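Right, one structure below, let's go through it.
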Amino acid sequence: MYIANEFGHSVMKWKIGDPSGTFIAGIPGVAGSNSTTLSGPSGIRLDSYGNLYVSEFGNGRIQMFCPNNSTGTIIAGTGVSGNSANQLSSPARFTFDSQMNLYASDNGNNRIQKFMIL
134 MYIANEFGHS VMKWKIGDPS GTFIAGIPGV AGSNSTTLSG PSGIRLDSYG NLYVSEFGNG
194 RIQMFCPNNS TGTIIAGTGV SGNSANQLSS PARFTFDSQM NLYASDNGNN RIQKFMIL
């Protein structure tokens with residue numbers, strides 16, 4: 134099970150039955166905007182390769198984390214909230230279609246944004 138801890142600025146992987154989980158993205162309790170920190174993670178997804186995708190309400194971006202790597206890569210948004218075509222403002226939920234196009238709820242701009250990832 135994966136848990137986005139929005140106010141703890143981290144994502145945790147927790148195996149059912151284990152007494153504790155493992156932090157796999159972000160630094161618990163530390164908000165930030167670099168590639169190893171998160172600010173308000175609100176949506177998470179895994180792909181078939183084990184890559185973790187995280188939307189950040191506070192950073193206006195969606196990052197991808199490869200397995201066993203705590204450094205993310207921005208795949209949508211710029212990391213600065215805004216209303217330009219390449220920016221997001223308070224993104225939350227997102228999904229991918231069969232061509233790996235990303236559709237993100239851009240809450241701060243009251244729109245759905247499409248990003249071509251591949």
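Residue numbers (my numbering): 134 to 251. Even glycine gets a Cβ: it sits at the ideal position worked out from N, Cα and C. Predicted model only: the values in this text are computed from it and were never measured.
Tell me, which residues are paired with residue i by DSSP?
i      : result
Thr228 : Tyr236
Leu221 : Answer is none; Leu221 lacks a bridge partner.
Thr155 : Lys146
Gly212 : DSSP, once it has assigned bridges, lists no residue as partnering Gly212.
Thr206 : Met197
Since residue i contacts residue j with CB under 8 angstroms, what's their CB separation in whole angstroms?
i      : j      : result
Ser188 : Pro224 : 4 angstroms
Where do the N-terminal and C-terminal ends of the beta strand (DSSP E) with residue i fall, by residue?
i      : result
Met134 : Met134 -> no beta strand (DSSP E), and no H or E assigned at all.
Val187 : 185-189
Leu179 : 174-179
Phe257 : Outside the shown range of the chain, which is 134 to 251, sits residue 257, and nothing can be said about it.
Ile245 : 244-249
Please classify residue i as buried or exposed, where buried requires at least 16 neighbouring CB atoms within 10 angstroms.
i      : result
Ile195 : buried
Asp151 : exposed
Val144 : buried
Tyr186 : buried
Leu179 : exposed
Under 7 angstroms Cβ to Cβ from residue i, same chain only, skipping five residues before and after it: list those, please.
i      : result
Ile149 : Met134
Ser166 : Ser172, Asn192, Gly212
Lys146 : Tyr135, Gly154, Thr155, Ile157
For residue i, I'd like the list of residues in its chain whose CB is within less than 6 angstroms of its CB, leaving aside the five on either flank, ordered along the chain.
i      : result
Phe229 : Leu235
Ser203 : Thr169
Is the CB of residue i under 8 angstroms away from at least one CB in chain C?
i      : result
Phe227 : Checking the listed chains, one finds no chain C in this structure; it contains a single protein chain.
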